[in-house]
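Using this note's numbering, the first residue of the sequence shown is number 375, and each one after it goes up by one.
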Amino acid sequence: MRAVLVILVVITPSVILTDVSSDAKQMAALVALFAGLLTFVEYNTEAPSLIEFRDAPPFNRVRLTMLFFTVLCLAVMESSRVQTTSLGALVQAIGQLVGHSLDFPYSPVRLAKLMLAETATPAQVQAVRDAAGVAYITSLISLAGFVILLKISVWPMQGRMFNVWINLPTFDPTAGDLVERLERDARINIILGFLLPFIIPFVVSLSSTGIDPDSMTASQTLIWTMTAWAFLPASLFMRGIAMGRIADMVRQMRRVQGARDRSAMARASRAF
Numbered sequence: 375m376r377a378v379l380v381i382l383v384v385i386t387p388s389v390i391l392t393d394v395s396s397d398a399k400q401m402a403a404l405v406a407l408f409a410g411l412l413t414f415v416e417y418n419t420e421a422p423s424l425i426e427f428r429d430a431p432p433f434n435r436v437r438l439t440m441l442f443f444t445v446l447c448l449a450v451m452e453s454s455r456v457q458t459t460s461l462g463a464l465v466q467a468i469g470q471l472v473g474h475s476l477d478f479p480y481s482p483v484r485l486a487k488l489m490l491a492e493t494a495t496p497a498q499v500q501a502v503r504d505a506a507g508v509a510y511i512t513s514l515i516s517l518a519g520f521v522i523l524l525k526i527s528v529w530p531m532q533g534r535m536f537n538v539w540i541n542l543p544t545f546d547p548t549a550g551d552l553v554e555r556l557e558r559d560a561r562i563n564i565i566l567g568f569l570l571p572f573i574i575p576f577v578v579s580l581s582s583t584g585i586d587p588d589s590m591t592a593s594q595t596l597i598w599t600m601t602a603w604a605f606l607p608a609s610l611f612m613r614g615i616a617m618g619r620i621a622d623m624v625r626q627m628r629r630v631q632g633a634r635d636r637s638a639m640a641r642a643s644r645a646f
């Protein structure tokens, strides 16, 4: 089921958009099959390698939901440019409202617009701004939902043991104090998640004269570029929050274990 859902996310733009060539559809199908196979293998092997928090729901479920709705909303908005629909008009209106509200100096949306070359037309600039607004608001809502889920649940325990090796395969728990390294990585991820929407457009604008507006505003390119621009920072934010929660869990378990050890030593001393 996880593999099927991942495949669905990847092929969503190709299914919704009407101006996709057969070659692009075949490439999307190939990428979708590869992503689905990777997901199937990762979740059915005992030794993890890439996917984190695979045994600590709903972390990955929230991330996949965020990715799906971002891609879906952008695909619906882009399809409405060719054939107007009520849903497409609604998503486009939300994108225009959010994009216009966040289009102020040094904002992520303004910097996303600056990635375009100076030859971009006002319509192309507005298309990027609307897509950035939709992607940004979707990531913010997903991030808020994730924080609420953490507050109302006992994640990551949920009545089960939390295996650091299974859920954090790229994290070495034996190198130094576990709590300190978890807290340090949590801060780094949160800082990167905050800065990434600003850094990516700034680096692009400095390293070149800007992205060709015709290629940038192509439907598939715009959907996946804006999805990555919004999804990666939100994912880093979620990872940082999750690692901070795990650090608190380990600290609490150490405190409880220390109290038990002191109580056992006190009983042993009285018995002696």
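Backbone N, C-alpha and C fix where the C-beta goes; we use that ideal spot for every residue, glycine too.
Source: prediction; values computed, not measured.
Beta-carbon spacing of V508, I468 below 9 Å: yes
Rounded distance between the beta-carbons of K487 and V502, thought under 8 Å: 6 Å
Close-in-space but distant-in-sequence residues of the same chain around L461 (CB under 7 Å, 5 per side omitted): V450
Contacts around R455, its chain only, beta-carbon distance under 6 Å, and the 5 residues preceding and following it disregarded: none
Identity of the residue in R636, T544 and A602 nearest A421 by Cα: T544
Those runs of the beta strand (DSSP E) which lie wholly inside the stretch 472 to 510 and span at least 3 residues: none
Ordered list of alpha helix (DSSP H) runs contained in the stretch 571 to 640, each at least 4 residues: 587 to 590
Status (buried if at least 16 other CB within 10 Å, exposed otherwise) for T512: buried
Backbone secondary structure at D429 - three-state DSSP: coil
Selection from T386, E452 and F605 that minimises the alpha carbon distance to A401: Residue 401 is actually Met in this sequence, not Ala. When each option's Cα is compared against that of M401, the closest is T386.
P387 - containing alpha helix (DSSP H), residue span: R376 to I390
With 16 other Cβ atoms within 10 Å as the buried cut-off, status of T392: exposed
Q457, DSSP secondary structure in three states: coil
A621 versus L552 - alpha carbon distance: 8 Å
Coarse secondary structure for T548, derived from DSSP in three states: coil
Three-state secondary structure assigned by DSSP to W539: helix
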